[in-house]
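Numbering (the working numbering), first residue to last: 37 to 202.
Report on one structure; see the data block that follows.
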Amino acid sequence: MTTIATDTRLPEIAQPGLDSPGLDPAELAARARRFADHPENWLHRVRLSADGRWYERVHLDDEHEVWLISWLPGQSTGLHDHGGAAGAFTVVLGSLEERGVTTGRVLASGESRRFGAGYVHDVRNTSTAPAVSVHVYSPPLATMRRYDLDADGRLVELATESADDW
Numbered sequence: 037m038t039t040i041a042t043d044t045r046l047p048e049i050a051q052p053g054l055d056s057p058g059l060d061p062a063e064l065a066a067r068a069r070r071f072a073d074h075p076e077n078w079l080h081r082v083r084l085s086a087d088g089r090w091y092e093r094v095h096l097d098d099e100h101e102v103w104l105i106s107w108l109p110g111q112s113t114g115l116h117d118h119g120g121a122a123g124a125f126t127v128v129l130g131s132l133e134e135r136g137v138t139t140g141r142v143l144a145s146g147e148s149r150r151f152g153a154g155y156v157h158d159v160r161n162t163s164t165a166p167a168v169s170v171h172v173y174s175p176p177l178a179t180m181r182r183y184d185l186d187a188d189g190r191l192v193e194l195a196t197e198s199a200d201d202w
């Protein structure tokens with residue numbers, strides 16, 4: 037396991053060398069909102085799974101990718117980053133809580149969150165109802181790293197996943 041020293045006063049951890057060559061986070065958030073605004077094109081694809089979050093990549097090109105994710109109460113991602121990709125997500129049904137290393141916020145239906153490459157967070161459904169969200173990443177995801185916090189509040193890298201793992 038690798039321990040990454042962090043300033044725990046920061047709400048997110050930017051890791052040097054992970055600059056995204058793709059679209060900027062503001063554009064990703066705009067694309068997530070535009071996609072979310074047309075549920076007639078994707079709502080029929082959404083499934084709920086008691087075994088874990090359901091997710092499906094619904095668009096992929098050289099520039100970006102779009103994922104649909106559904107969340108039952110209590111389901112979460114755990115602390116993770118998106119490798120060298122920037123990202124954004126829009127909650128389209130219900131609400132989700134996003135937690136950085138030291139901060140958290142609840143996003144209601146219609147609200148978006150955007151972030152640069154190397155951002156570490158956990159997204160979870162802390163409500164009593166299902167939630168659905170749209171996620172956009174650029175460049176398309178190649179790796180994701182999973183983390184935990186040690187007793188001193190520092191990130192500890194647990195695993196690296198590749199796109200083949202999803």
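Ideal Cβ placement from N, Cα and C applies to all residues, glycine included.
Check: P166 C-beta below 7 Å from any heavy atom of the ligand MG: Absence of the ligand MG is noted for the structure shown, with no ligands found whatsoever.
Inside the stretch 89-170 only - beta strand (DSSP E) runs reaching at least 3 residues: Listed in chain order, the complete beta strand (DSSP E) runs (minimum 3 residues) inside the stretch 89-170 are 90-96, 101-107, 122-129, 131-135, 140-144, 148-151 and 158-160.
S169 to T179 span [Cα, whole Å]: Each residue's alpha carbon lies about 21 Å from the other.
Simplified DSSP assignment, three categories, for D87: D87: coil per DSSP, three-state reduction.
Separation of D117 from A62, as counted between CA atoms: Taking C-alpha positions only, A62 is separated from D117 by approximately 18 Å.
Cβ neighbour criterion (16 or more within 10 Å) applied to A208: Absent from the model: residue 208. The displayed extent of the chain is 37 to 202, so no value can be given.
According to DSSP, residues forming a beta bridge with L185: Residue pairing by DSSP puts L185 in a beta bridge opposite L191.
Cβ distance (whole Å) where S145 is taken to contact A65 below 8 Å: Taking 8 Å as the upper bound for CB-CB distance, S145 and A65 are not in contact here, some 15 Å apart.
Proximity to E193 [Cα-Cα], best of W202, A153, Y183 and T113: Residue Y183 holds the alpha-carbon nearest to the alpha-carbon of E193 among W202, A153, Y183 and T113.
Cutoff 8 Å: L191 Cβ touching any chain D Cβ: The question asks about chain D, but that chain is absent: this structure has only one protein chain.
Residue range of the alpha helix (DSSP H) that includes A65: Per DSSP, A65 is one residue of the alpha helix (DSSP H) stretching across P61 to A72.
Spatially closest choice to R181 from V94, T139 and S198, by CA coordinates: Closest option to R181, Cα to Cα, is S198.
Candidates D73, Q111 and V137: closest to R128 by CA position: Arg is not the amino acid found at residue 128; the sequence shown has Val there. V128 has its Cα closest to that of D73, out of D73, Q111 and V137.
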